[in-house]
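S.K.: Residue 13 is where the sequence shown starts when you use the working numbering, and the numbers rise one by one after that.
For glycine and all other residues, C-beta sits at the position ideal for the given N, C-alpha and C.
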Amino acid sequence: MKVLVINCGSSSLKYQVLDMNGEKLMAKGLVERIGIDGSVITHTKVITGEKWKNETPMETHKEAIAQVLSAIVDPDHGVIDDMSEIGAVGHRVAHGGEKYKHSLVITPKVLEGIEELSALAPLHNPPAVLGIRACQELMPDTPMVAVFDTAYHQTMPPESYIYALPYEYYTKYHVRRYGFHGTSHKYVAHRAAEILGLKEEDLKIITCHLGNGASVTAIKNGRVIDTSMGFTPLEGLVMGTRCGDIDPSIMTYIADREHLSSAEINEIMNKKSGVLGISGISSDFRDLEEAAKDGNERAQLAMRIFAHRVRFFIGAYIAEMNGVDVIVFTAGVGENDFGMRDIICDNLDNLGIHLDLIRNNVRGKEALISADDSKVKVLLIPTNEELMIARDTVWRVSVELGK
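So, in structure tokens, the structure goes:
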């Protein structure tokens, strides 16, 4: 089966076409500036490396997806002859709440549920709905599958996801820890077990998805038992522009003195904090590294704080699982910043974690980076959320539709 994977943002759209017979990536692309002047699609035919770019007005997601479908069947840079070759479309949906604990073929009832959950993910679920509706209009006979970022974390026990607030806020408004980056954590946990030739059900795994957005997840015997992100992606680690865990009273204290609204406070915590806020330079760790090498003390501090918070969650999850067999680093920083991986794992010898500095000197490819005497295996695994979405799509179409 060939699968089209769609990941819609408010004004952008990422896509891939995969042949699941061998899990081969055929094409990938990005549509930018949907509904804005200068709309453009950039399409890559993977087998040849040919890149094609086209600027054309795209006022809606339907128009953007029409451009995607046109690109993948184009005689010159396309990868299929006819849209009938696409057996299913997998849609990334950020939030499935408690309602959706695994991927599902999209029915009118499922789509209605996704729309209802927009209250929990107002920036992410509405664009996904637009993308789903557009694909349904343009590909009415092709099965659509929703793959939820939150679903993988739905195995957490109540002690991990219930907040110490009046319980009625959970029952009335569904205020609880949900966790995010689930598709990424799921992929690298599965892949770690494959690399080691072991069953995921027999392992205790800590996965560290470290990018501009970052989270750490504890996976015991194939089930998530805790994760660092919470009701929103703001909780947990220090990130590129997000503050992560802080004393909530700090923001009311600042709001009173700066005369700020709740919206302005939310903007500060989500877009002006994190390593950007600490360093005053950038949310990009490459910029921070350069500044740190030049002696910028705030850049050095931002990097130490980031590493400190990752170590904090690793230690907490080792305690929670009563040990760990594998730690996985993934995403932009986790995959490419060997210096940050070294800082995070430094002085964890008493926990059985010992990096090999030569093995760790690698970027963007699968590698065992722990030393031979390390009791805990440490792996670098580039994430592949699109492949995970495609796998889930094939699985759900098979389970629900028998195809």
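Rounded to a whole number of angstroms, what is the C-alpha to C-alpha distance between I326 and A39?
M.R.: As the crow flies, the alpha-carbon of I326 is around 36 Å from that of A39.
S.K.: Whole angstroms are fine: how far does the CA of I401 sit from the CA of G99?
M.R.: Spanning the alpha carbons of G99 and I401 requires a straight line of approximately 14 Å.
S.K.: Starting from the Cα of I218, find the closest Cα among R235, L129, L142 and give me that residue.
M.R.: R235
S.K.: Pull up the DSSP beta-bridge partners for T56, would you.
M.R.: K40, K63
S.K.: In whole angstroms, what is the alpha-carbon distance linking V101 and T68?
M.R.: 24 Å
S.K.: Identify whether H114 lies in helix, strand or coil by the three-state DSSP scheme.
M.R.: coil
S.K.: Along the chain, where does the beta strand (DSSP E) that runs through T239 open and close?
M.R.: 235-239
S.K.: Kindly indicate the opening and closing residues of the alpha helix (DSSP H) around L150.
M.R.: 137-150
S.K.: Report the partner residues of Y419 according to the DSSP bridge assignment.
M.R.: Look at the range of the chain in this structure, 13 to 415, and you will see that residue 419 is not part of it.
S.K.: Secondary structure at N220, three-state DSSP: helix, strand or coil?
M.R.: It should be pointed out that residue 220 corresponds to Cys in this sequence rather than to Asn. Note: C220 maps to strand in three-state DSSP.
S.K.: By a C-beta neighbour count over all protein chains shown, 10 Å radius and 16 as the cutoff for buried, is D337 buried or exposed?
M.R.: buried
S.K.: Below 8 Å on the Cβ atoms is my guess for I237 versus S172; work out the distance and round it to an integer in Å.
M.R.: 6 Å
S.K.: List the endpoints of the continuous alpha helix (DSSP H) containing R203.
M.R.: Per DSSP, R203 belongs to the alpha helix (DSSP H) from 194-208.
S.K.: From M13 to E97, what distance separates their C-alpha atoms?
M.R.: 8 Å
S.K.: What residue does the alpha helix (DSSP H) around T183 start on, and which one ends it?
M.R.: 180-185
S.K.: With I98 as the anchor, note down where its beta strand (DSSP E) starts and where it stops.
M.R.: 98-105
S.K.: Note the first and the last residue of the continuous alpha helix (DSSP H) segment covering L313.
M.R.: Here the alpha helix (DSSP H) through L313 covers 309-333.
S.K.: Sort out for me which residues DSSP pairs I339 with in a bridge.
M.R.: I218, V390
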